[in-house]
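In the working numbering, the protein residues as written are -14 to 257.
Cβ atoms here follow ideal geometry from the backbone N, Cα and C, with glycine treated the same way.
Bear in mind the structure is a predicted one, so any value in this text is a computation, not a measurement.
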DNA sequence: ACCACAACCTGGCCGC
DNA sequence: TGCGGCCAGGTTGTGG
C-alpha cells in the first residue's frame, strides 16, 4: 500500500526518466481513473506538455507541467506507476498510459480502481488541508505534543488522519506505535509529554528507514522499474498477527480500529 | 472542530 | 474444482 515512503520512492525513481520529457498523450483504459476534467478536455490540455518537475505532498504525487498546470496522482491502495517501452503489452490492470516523447510510457496500474488522477491549475484545494510533513523541519516534538493534546480519538485513528499528519498510513502508524511502546487505542490526548516525544522520534525513524528500503511491498506496491521494496522485511508488528514479538516474544495481536487492521504487541504496548 | 462510519473496488488466499 | 468469506485500507461524504 503506497504510504509516504512508497510515494517518495516512486517520485525519486520517476524523476530521472520523466522530468524534461514531453507528454505526447494519455490513453485511458478505464475512464473512471480521471477525476477532472473530462476526458476530452484532459487530453487537449495535457498533450504536448513538458514535465518540469515531480513533487510529493503526503501521499499525493504532483507532476508540474510547462503550462504551470499540475497533474496530481493518488495511488490509493493498489496503484502503481510502471515505466515501460512497449505500449502494445501493458501490465495487467493498467487503467491509463501516459506516453512520453522518447517512446517510453508510464503505466498507471491499479487492480482495485481506487486510484485517481486530475489536472488542476492550482493544488491548494487538494493539499491545503493536509497536516504537516513528518520528515520536514516544521514537524517538531512540541508541535506533535500540542496537536495530540486536542484529540480524544484513539491515537491510531489520529495518526492516519491526513489532516493531522500527512503521509502516515496504516502500516507505518502501527510500526511507529510499537516503536514508541504505545497501545493503538490510547486516547491521543492521554499521551504524556515523554510518550509524545518518543512517538515523534519513532515516526521519523520508521519513515526514513522505509524510504531507505525503497518502500514496503506487502501486496501490490512496485517501484517504477517493477522491483519490490524491502521495507516489509523490517516490519516488527504490521501484518504479523500470531507471530512472536521481536522484543518480548509475546504473540502479536490484531484488532480493528476505524475499520482498519491494527497490529500490536499486548505486552510492549500496554492497554489504556 | 471533532468524531464515527459507510461506500468505493477487486484480487488473493484459505477452508470446506 | 469451485465457492463463500475474509483481508487489504486511503479518501470522500454524511450525519451526529
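Residue 71 versus 57, 91, 143 and 63, residue with shortest Cα-Cα distance: The count along the first chain starts at 1 and reaches residue 71 at position 86. Measuring from the Cα of residue 71, the nearest candidate turns out to be 91.
Expressed to the nearest angstrom, what Euclidean distance is found between the alpha-carbon atoms of residue 88 and residue 246? Here residue 88 refers to the residue found at position 103 of the first chain. Here residue 246 refers to the residue found at position 261 of the first chain. If you take the alpha carbons of residue 88 and residue 246, they lie about 42 Å apart.
Rounded to a whole number of angstroms, what is the C-alpha to C-alpha distance between residue 172 and residue 105? On the first chain, position 187 is the one that residue 172 refers to. On the first chain, position 120 is the one that residue 105 refers to. Whole-angstrom Cα-Cα distance: 38 Å.
Buried or exposed for residue 160, going by 16 or more other Cβ atoms inside 10 Å? Residue 160 sits at position 175 when you count from the first residue of the first chain. Per the 10 Å Cβ criterion, buried.
Rounded to whole angstroms, what is the Cα-Cα separation between residue 232 and residue 28? Indexing the first chain from 1 puts residue 232 at position 247. Indexing the first chain from 1 puts residue 28 at position 43. About 54 Å.
Contacting residues, own chain, Cβ-Cβ under 8 Å from residue 20 (five flanking each side not counted): As a working mapping, residue 20 is identified with position 35 in the first chain. Only 101, 102 and 103 meet the Cβ criterion.
According to DSSP, is residue 87 helix, strand or coil? For the purposes of this step, residue 87 is taken as the residue at position 102 of the first chain. In the structure shown, residue 87 sits in coil (DSSP, three-state: anything other than H, G, I, E or B).
Which partner residues does residue 48 have in the DSSP bridge list? The count along the first chain starts at 1 and reaches residue 48 at position 63. Bridge partners of residue 48: 39 and 56.
How is residue 248 classed by DSSP in three states: helix, strand or coil? Taking the first chain and counting its residues from 1, the one referred to as residue 248 is at position 263. It is a strand residue.
With a threshold of 16 other CB atoms inside 10 Å of the CB of residue 107, please say whether the residue is buried or exposed. The count along the first chain starts at 1 and reaches residue 107 at position 122. Exposed, since its Cβ has fewer than 16 Cβ neighbours within 10 Å.
So, residue 120 versus residue 199, is the Cβ gap smaller than 8 Å? To locate residue 120, count along the first chain from 1; it is residue 135. To locate residue 199, count along the first chain from 1; it is residue 214. Going by C-beta atoms, residue 120 is not nearer than 8 Å to residue 199.
Which two residues bound the contiguous alpha helix (DSSP H) that contains residue -4? Locating residue -4 in the first chain gives position 11, where the first residue counts as 1. -11 to 3 is the extent of the alpha helix (DSSP H) around residue -4.
Would residue 174 and residue 133 qualify as a contact pair, given that the criterion is a beta-carbon distance under 8 Å? Here residue 174 refers to the residue found at position 189 of the first chain. Here residue 133 refers to the residue found at position 148 of the first chain. In this structure, residue 133 lies closer than 8 Å to residue 174 by Cβ.
Three-state class that DSSP yields for residue 65 in the structure shown: The count along the first chain starts at 1 and reaches residue 65 at position 80. Strand, per DSSP.
Write down every uninterrupted run of the alpha helix (DSSP H) in the region 158 to 217 whose length is 4 residues or greater and which is fully enclosed by it, in chain order. 178 to 197
For the candidate residues 63, 180, 96 and 42, whose alpha-carbon lies nearest to that of residue 113? What you label residue 113 is simply residue 128 of the first chain in a count that begins at 1. The residue with the shortest Cα to Cα distance from residue 113 is 42.
Which term fits residue 24, buried or exposed, when burial requires 16 or more other beta carbons within 10 angstroms of its beta carbon? One-based indexing of the first chain puts residue 24 at position 39. Flag for residue 24 reads exposed.
Under the rule that 16 or more other beta-carbon atoms within 10 Å means buried, what is residue 95, buried or exposed? Indexing the first chain from 1 puts residue 95 at position 110. That one is buried.
Inter-residue spacing [alpha-carbon to alpha-carbon] between residue 33 and residue 57: Numbered from its first residue, the first chain carries residue 33 at position 48. Numbered from its first residue, the first chain carries residue 57 at position 72. Those two C-alpha atoms are separated by around 17 Å.
Less than 7 Å between C-beta atoms, sequence neighbours within five positions excluded: which residues of the same chain meet that for residue 52? Locating residue 52 in the first chain gives position 67, counting from the first residue. Around residue 52: 34.
Just the C-alpha distance for residue 150 and residue 135, rounded to the nearest angstrom, thanks. The count along the first chain starts at 1 and reaches residue 150 at position 165. The count along the first chain starts at 1 and reaches residue 135 at position 150. Taking the straight line joining both Cα atoms gives about 14 Å.
Classify residue 99: buried if its beta carbon has 16 or more other beta carbons within 10 angstroms, exposed otherwise. Locating residue 99 in the first chain gives position 114, counting from the first residue. The residue in question, residue 99, is exposed, as its Cβ has fewer than 16 Cβ neighbours within 10 Å.
Taking DSSP as the reference, what is the three-state secondary structure of residue 109? By 1-based counting over the first chain, the position of residue 109 is 124. Correct three-state label for residue 109: helix.
To the nearest angstrom, how far is the alpha carbon of residue 36 from that of residue 10? Numbered from its first residue, the first chain carries residue 36 at position 51. Numbered from its first residue, the first chain carries residue 10 at position 25. Approximately 12 Å, taken between the alpha carbons.
Please work out which residues of its chain come closer than 8 Å, Cβ to Cβ, to residue 238, disregarding the five sequence neighbours upstream and downstream, and give them in chain order. Along the first chain, one-based indexing puts residue 238 at 253. Result list for residue 238: 226, 248, 249, 250 and 251, in chain order.
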